[in-house]
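Residue 30 in our numbering sits at position 19 of the sequence shown; the count goes up by one each step and never skips. The C-beta atom is built at its ideal place from N, Cα and C for all residues, glycine as well. Some notes on the structure that comes next.
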Amino acid sequence: MQETLNYIQENKQRFVDELFDLLRIPSISADPAYKDDVLKCAEKVADLLKNAGADNVEICQTAGYPIVYGDKITDSSLPTVLVYGHYDVQPADPIELWRKPPFEPYIEKTELHPDGAIFARGSADDKGQFFMHIKAFEAMMKTGVVPCNVKFILEGEEEVGSVNLGVFVNENKEKLACDCILISDTHIYSNEQPTVTTGLRGLSYVEVEVEGPNRDLHSGLYGGAVPNPIHVLSRMISNLIDENGRIQIDGFYDNVDQVSLEERAEMNKLKDDQEAFKNAIGLSGLEGEKGFTTLERTSIRPTLDCNGIWGGYTGEGAKTVIPSKAFAKISMRLVPFQTPEEITEKFTKYFEKIAPENVKVKVTPHHGGMPYVLQSDTKEFRAAKQAMETAFGREVLPYRSGGSIPITAMFEQVLGAKSVLMGFGLDSDAIHSPNEHYGLFNFYKGIESIPLFFKNYAK
Ligand code: BES
Ligand code: MN
Ligand code: MN
């Protein structure tokens with residue numbers, strides 16, 4: 012093992028240089044204008060796997076963007092670890108808020124990253140993180156210690172809902188058969204308090220439309236006498252959550268897992284610095300569901316947020332109009348044992364119920380995903396915890412995250428294997444935002460932790 016860690020140490024700089032090449036490809040899956048770049052990125056990932064020593068490297072076509080596969084099967088008596096990641100990234104806009112162009116990576120020090128951080132779209136989510144696995148694998152190959160069989164599956168559609176990955180996994184159960192799945196696409200609590208992610212929330216995502224008059228109206232001739240869809244929609248959205256932070260949708264909490272007081276006490280051991288949390292995002296106060304801490308509100312409790320709202324005139328200058336329609340996008344984060352189907356249906360019923368009679372409403376569901384939990388008494392959790400404790404030289408605690416990676420629940424269902432969420436980002440890395448970055452410290456700790464995980468898991 013020491014040899015593998017030495018190899019990593021000696022090749023540190025080259026790893027960063029290679030990652031930069033990967034980050035230069037704008038593989039934005041949501042925007043068809045970047046189609047060629049996403050495809051080019053898949054080729055690049057396949058080359059990286061080949062160069063690291065993987066066998067059977069393949070660019071698997073799907074109805075959407077390809078899935079890159081590769082493996083190293085050394086001994087059928089060893090456990091098999093399936094490494095998952097995604098090479099697609101979020102759109103870079105609002106582009107004007109980036110200090111330097113999003114696909115021209117550079118390193119800069121920050122308060123939380125005194126050793127420097129790599130700035131680029133995808134640096135933390137998820138290129139910088141899955142790349143750690145390719146380099147850890149290279150290090151294991153070069154030093155002749157690969158303690159488990161390894162399979163890689165890297166997709167290009169995670170940021171748009173992983174629809175084709177679901178189909179692919181169902182059609183390739185044999186090929187993807189494994190004992191566990193290892194994923195670095197989450198964050199740790201802090202560099203001083205490393206954590207293994209033991210939970211992810213699910214997601215239900217809907218678009219709503221409120222239609223009032225059959226055409227846009229002059230607000231002088233009609234204003235004051237007709238329902239304005241923007242007003243109606245705003246009122247309906249405000250009424251979805253009450254003053255105690257409780258979501259009003261009928262039956263919304265019916266299936267919510269009531270986490271025990273012991274478990275809540277355990278999770279609140281993480282030092283919850285409210286001041287730092289507020290300051291980092293420029294807020295003077297927080298809000299949320301009464302009776303729960305910030306940590307709980309962002310992990311074990313379900314939430315509802317309006318993600319966008321539009322309608323009427325939003326261009327230059329003024330236009331006096333009452334629009335015919337108003338729209339919004341709304342997401343709900345789910346916890347065990349809620350399901351996206353159940354919640355989308357309950358949302359739709361409630362939204363139709365609270366709509367005044369003089370408007371029409373339409374609810375269109377988008378992609379969703381199931382919540383996921385990894386128990387801390389599993390060998391998967393212990394292997395990750397011990398690996399990170401060795402790499403960081405600190406105690407590692409379990410941590411339930413508020414984000415979503417819907418394929419974790421799907422992997423469990425179809426492949427019958429648990430996912431270990433050994434991610435190394437920080438919540439301040441600005442993923443999905445301008446100036447996304449990934450700490451060099453985190454990048455290297457990740458590369459070191461991975462071979463240690465393999466070693467522990469093989470035992
Ligand atoms: N890597 C993130 C999810 C994440 C980040 C989980 C940090 C926990 C900590 C992933 O790429 C992502 O953005 N997921 C989406 C859901 C998806 C269906 C678009 C999300 O959480 O909004
Ligand atoms: Mn991700
Ligand atoms: Mn993401």
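Short note on serine 201: C-beta not closer than 7 Å to any heavy atom of ligand 1. Cα atoms of glutamate 356 and tyrosine 216: separation of roughly 11 Å, rounded to the nearest angstrom. As the crow flies, the alpha-carbon of phenylalanine 142 is around 14 Å from that of tyrosine 80.
Looking at the backbone, the Cα of alanine 366 and that of alanine 339 are separated by about 14 Å.
Spatial neighbours of isoleucine 84 in its own chain (CB-CB distance under 7 Å, excluding positions within 5 residues in sequence) are listed in chain order as Asn160. For phenylalanine 163, the three-state secondary structure derived from DSSP is strand. Per the C-alpha coordinates, the member of Ile333, Leu34, Asn255 and Arg246 positioned closest to leucine 297 is Asn255. In the DSSP assignment, aspartate 82 forms a beta bridge with Asp66 and Lys162. Taking the CA atoms as reference points, alanine 420 sits about 6 Å from methionine 381.
With 16 or more other Cβ atoms from the protein chains shown falling within 10 Å of its own Cβ, glutamate 459 counts as buried. Taking non-hydrogen atoms of ligand 3 into account, the C-beta of histidine 443 is found less than 7 Å away from one of them. With a beta-carbon spacing of about 13 Å, glutamate 220 and histidine 377 fall beyond the 8 Å limit used to define contacts. Put simply, the backbone Cα of leucine 251 is about 42 Å away from that of aspartate 190.
Under the 10 Å beta carbon count, tyrosine 324 is surrounded by fewer than 16 other beta carbons and is classified as exposed.
By the criterion of at least three beta-carbon pairs nearer than 8 Å, the stretch 133-142 is in contact with the stretch 446-453. The closest heavy atom of ligand 1 lies 7 Å or more from the beta carbon of proline 313. Here DSSP, grouped into helix, strand and coil, assigns aspartate 48 to helix. Contact check for methionine 278 and leucine 306: beta-carbon distance about 6 Å, within the 8 Å limit, so the pair qualifies.
Serine 430 has Ile192 as its beta-bridge partners, per DSSP.
Taking 7 Å as the cut-off, the C-beta of aspartate 136 counts as close to a heavy atom of ligand 3. Comparing C-alpha distances from threonine 208 to each of Leu385, Tyr449 and Lys429 shows the shortest one belongs to Leu385. Going by beta carbons, isoleucine 258 and leucine 315 fall inside the 8 Å limit.
Check the Cα spacing between aspartate 58 and each of Arg393, Phe163 and Asp438: the tightest is with Phe163.
Residue environment analysis places glycine 235 among the exposed positions, since fewer than 16 neighbouring C-beta atoms fall within 10 angstroms of its C-beta. Separation of the CB atoms of histidine 448 and alanine 128 is rounded to 4 Å, and the pair is thereby assigned contact status at 8 Å. Nearest Cα to glycine 262 within the set Gly302, Pro238, Pro313 and Gly293: Pro313. In this structure, glutamate 169 has its beta carbon less than 7 Å from a heavy atom of ligand 2. Counting only the Cα atoms, leucine 232 lies some 43 Å from histidine 443. Per the DSSP secondary-structure output, tyrosine 18 pairs with nothing in a beta bridge. Membership of arginine 212 in any beta strand (DSSP E) is not indicated, and neither H nor E is assigned to it by DSSP. In the DSSP assignment, serine 342 falls within the beta strand (DSSP E) that extends over 336-345. Setting aside the 5 residues that flank it on each side, phenylalanine 114 is surrounded in the same chain by Arg35 and Pro37, each with a C-beta closer than 6 Å to its C-beta; the list follows chain order. If you look at proline 351, you'll find it in the alpha helix (DSSP H) that goes 351-365. Under the DSSP assignment, glycine 139 falls in the alpha helix (DSSP H) whose first and last residues are 138-153. At least one heavy atom of ligand 2 is found less than 7 Å from the C-beta of histidine 97.
Proximity to aspartate 440 across Thr91, Leu345 and Leu123 peaks at Leu123, based on C-alpha coordinates.
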